[in-house]
Amino acid sequence: MRSIVVLCLGLLSFHLVQAQGAHLGLRIGLNSAHFQGTAEENSSFSNLPGFHVGPTFSYGFTDIMGLRGELIFSQKGSKYTYDGPSYFTIRKNGQFITTSGTRNMSVAINNNYIDVPLMFYTLLFERLDVSVGGYASILVGSTGRGDLNYSGKRDNSNAVVGPIKFLLDQNFFRDKAGTTSSTATQTIKLEGDQIVLPERLGAYYEYKAKPDGSKYNVLDYGLCGALHYRLSSGLYAGVRYQLGLSDVSNDDFDISYKSLDQAKEFNLIPAKYLNRSLQFSIMLQL
Numbered sequence: 074m075r076s077i078v079v080l081c082l083g084l085l086s087f088h089l090v091q092a093q094g095a096h097l098g099l100r101i102g103l104n105s106a107h108f109q110g111t112a113e114e115n116s117s118f119s120n121l122p123g124f125h126v127g128p129t130f131s132y133g134f135t136d137i138m139g140l141r142g143e144l145i146f147s148q149k150g151s152k153y154t155y156d157g158p159s160y161f162t163i164r165k166n167g168q169f170i171t172t173s174g175t176r177n178m179s180v181a182i183n184n185n186y187i188d189v190p191l192m193f194y195t196l197l198f199e200r201l202d203v204s205v206g207g208y209a210s211i212l213v214g215s216t217g218r219g220d221l222n223y224s225g226k227r228d229n230s231n232a233v234v235g236p237i238k239f240l241l242d243q244n245f246f247r248d249k250a251g252t253t254s255s256t257a258t259q260t261i262k263l264e265g266d267q268i269v270l271p272e273r274l275g276a277y278y279e280y281k282a283k284p285d286g287s288k289y290n291v292l293d294y295g296l297c298g299a300l301h302y303r304l305s306s307g308l309y310a311g312v313r314y315q316l317g318l319s320d321v322s323n324d325d326f327d328i329s330y331k332s333l334d335q336a337k338e339f340n341l342i343p344a345k346y347l348n349r350s351l352q353f354s355i356m357l358q359l
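Okay, so the sequence shown: first residue is 74 according to our numbering, each after it adds one.
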């Protein structure tokens, strides 16, 4: 009798391992991401496209539920625009000339992360894969591309400045205060003087001194949920939403583009900006 029970348990265990078990896979797809938070007056955030790709690992507790982990390279970030009253500081022979005017700036902020989501999944109606869980992310790259148009007057003389157009070519990890991203230049006239300015500005060109760290924080975390439809055995198509809970922006770099303080230094306006990402994926489970 004992032998029969042991044999039955052994056969049942073998069946469960086969039905459940561990599976490797691959996820690839497109992102639509933006920052959510209280933007400064005259500024806004909007969706930025990107992609994601990486391996998946799932373990089934039963044939309809289990855990799924992933190691995903994912492009997030946001489009940022500012259009309104502003300032611009001109560098001339080591001196800083402050001006006040109007700024129109648009930049695509590309933040590249290694995402590690861990999710509980269940299979409904034999086709619908529903999963919920959380994620942690490490920022591995942070850049910005865009343009800045400015026109105004010098603060102490009302001499006309501009219009000036700059291209923005920013690396938030690497760039230093006052750096440019190319050797190309342009020349403007200010009160009879010829002033040479760069054509491309780095991430911190307008800073007299750069604070420690970089504009965007290295760590992020949040919640996620997904729906996938099983197209065939091991092949799924679906959508996932990531809801960031951590402030992605370093408060030391949250400057106002509207005005400088009385000492002609940056006004800091610390705000909490959160990642939001909608992902459309194809998932192959081996």
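Just so you know, even glycine gets a beta-carbon here, dropped at the ideal spot from N, CA and C.
- The beta carbon of R303 sits closer than 6 Å to the beta carbons of R200 and Y309 from its chain, once the five residues preceding and following it are set aside; these are given in chain order.
- DSSP links I182 through a beta bridge to S151 and G217.
- Runs of beta strand (DSSP E) with 3 or more residues, each lying fully within the region 199–257, are found at 201–227 and 233–244, listed in chain order.
- E279 and G167 have their C-alpha atoms spaced approximately 13 Å apart.
- Counted as a single uninterrupted DSSP element, the beta strand (DSSP E) harbouring F130 occupies residues L121 to G133.
- The way I'd put it, the region 219–234 doesn't touch the region 186–202; fewer than three beta-carbon pairs between them come closer than 8 Å.
- Excluding residues up to 5 positions away in sequence, L212, S319, D320, V321, S322 and N323 lie with their Cβ nearer than 8 Å to the Cβ of N290 in the same chain.
- Here the alpha carbon of Y155 sits roughly 33 Å from the alpha carbon of G207.
- In this structure, Q315 is the residue among G311, A282 and Q315 with its C-alpha nearest to the C-alpha of C297.
- Excluding its 5 nearest sequence neighbours in each direction, F353 has C-beta neighbours in its own chain below 6 Å: G102, L103 and V312, listed in chain order.
- For D324, the three-state secondary structure derived from DSSP is helix.
- Check the Cα spacing between K283 and each of L359, Q243, Y186 and A250: the tightest is with A250.
- Unbroken beta strand (DSSP E) runs of no fewer than 3 residues, entirely contained in the region 253–338, are found at 258–263, 266–271, 292–305, 308–317 and 328–333, following chain order.
- Distance from the CA atom of K152 to the CA atom of V180, rounded to whole angstroms, is 6 Å.
- Here A299 is buried, its C-beta having at least 16 other C-beta atoms within 10 Å.
- L99 has P128 and L357 as its beta-bridge partners, per DSSP.
- For the pair S224 and L240, the Cα-to-Cα distance works out to about 15 Å.
- Around the beta carbon of S131, 16 or more other beta carbons lie within 10 angstroms, which makes this residue buried.
- Inter-residue distance for S305 and L270 is about 59 Å (C-alpha atoms, whole angstroms).
- For the options T111, I268, V203 and G214, the alpha carbon positioned closest to that of K149 is the one of G214.
- The alpha-carbon separation between I355 and V126 amounts to approximately 10 Å.
- A straight-line Cα-Cα distance of about 11 Å links L351 and G317.
- In this structure, DSSP gives L144 a state outside helix and strand, which the three-state scheme calls coil.
- K165 sits in a strand when the DSSP states are folded into three classes.
- One thing to note: T171 has its Cβ within 7 Å of the Cβ of K337.
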